[in-house]
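Asker: Just passing along the structure, written as C-alpha cells.
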Amino acid sequence: MAARFKARVEVRLKPGFLDPEGETVKHTLNDLGYEVADVRVCKVYEIVLNAKSLNDAKDVSDEICRRLLANPVKDTYRVEVYPYV
Numbered sequence: 579m580a581a582r583f584k585a586r587v588e589v590r591l592k593p594g595f596l597d598p599e600g601e602t603v604k605h606t607l608n609d610l611g612y613e614v615a616d617v618r619v620c621k622v623y624e625i626v627l628n629a630k631s632l633n634d635a636k637d638v639s640d641e642i643c644r645r646l647l648a649n650p651v652k653d654t655y656r657v658e659v660y661p662y663v
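Every position in the sequence shown, counted from 1, becomes a number in my numbering once 578 is added.
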C-alpha cells in the first residue's frame with residue numbers, strides 16, 4: 579500500500595556560475611544602504627508524492643531532480659523527504 583510523502587527540493591547554481599537574479603538583489607540591497615557582499619538565489623520545490631516507503635520516495639524524488647528540476651552541468655540539489663501528514 580502506498581503512503582504519501584512530501585519532498586523538499588532545493589536547487590541552486592554551482593559555485594562559479596553567474597547568478598544574475600542574486601546580483602540584482604545584491605545591488606538593490608546595497609542601494610538601500612545594506613552592506614551585502616553576495617546573494618545567491620535558490621529555488622525550492624515542495625512535491626507531495628505517493629510511494630511504498632520513505633526510501634522509495636527518496637529515490638523517486640532524486641530521479642525527478644536528475645530528469646527535470648536540476649541541470650547537472652550548472653546546478654546542485656538537495657532533497658529532504660518526510661511523511662506527509
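All C-beta atoms in this analysis are idealised placements derived from N, C-alpha and C, irrespective of residue type, glycine included.
With H, G and I counted as helix, E and B as strand and the rest as coil, what does DSSP make of Asp640?
Answerer: Here Asp640 sits in helix by DSSP.
Asker: Suppose contacts are defined by Cβ-Cβ distances below 8 Å. Is Lys652 in contact with Lys604 by that definition?
Answerer: Going by C-beta atoms, Lys652 is not nearer than 8 Å to Lys604.
Asker: On the premise that Phe583 lies in contact with Tyr662, defined as a C-beta separation below 8 Å, what is that separation, rounded to the nearest angstrom?
Answerer: Yes, Tyr662 and Phe583 are in contact; Cβ-Cβ is about 5 Å, under 8 Å.
Asker: Would you mind stating whether Val657 and Lys630 have Cβ atoms separated by less than 8 Å?
Answerer: In this structure, Lys630 does not lie closer than 8 Å to Val657 by Cβ.
Asker: Output the distance between the C-alpha atoms of Gly600 and Asn649, rounded to the nearest integer angstrom.
Answerer: Going by the C-alpha atoms only, they are around 18 Å apart.
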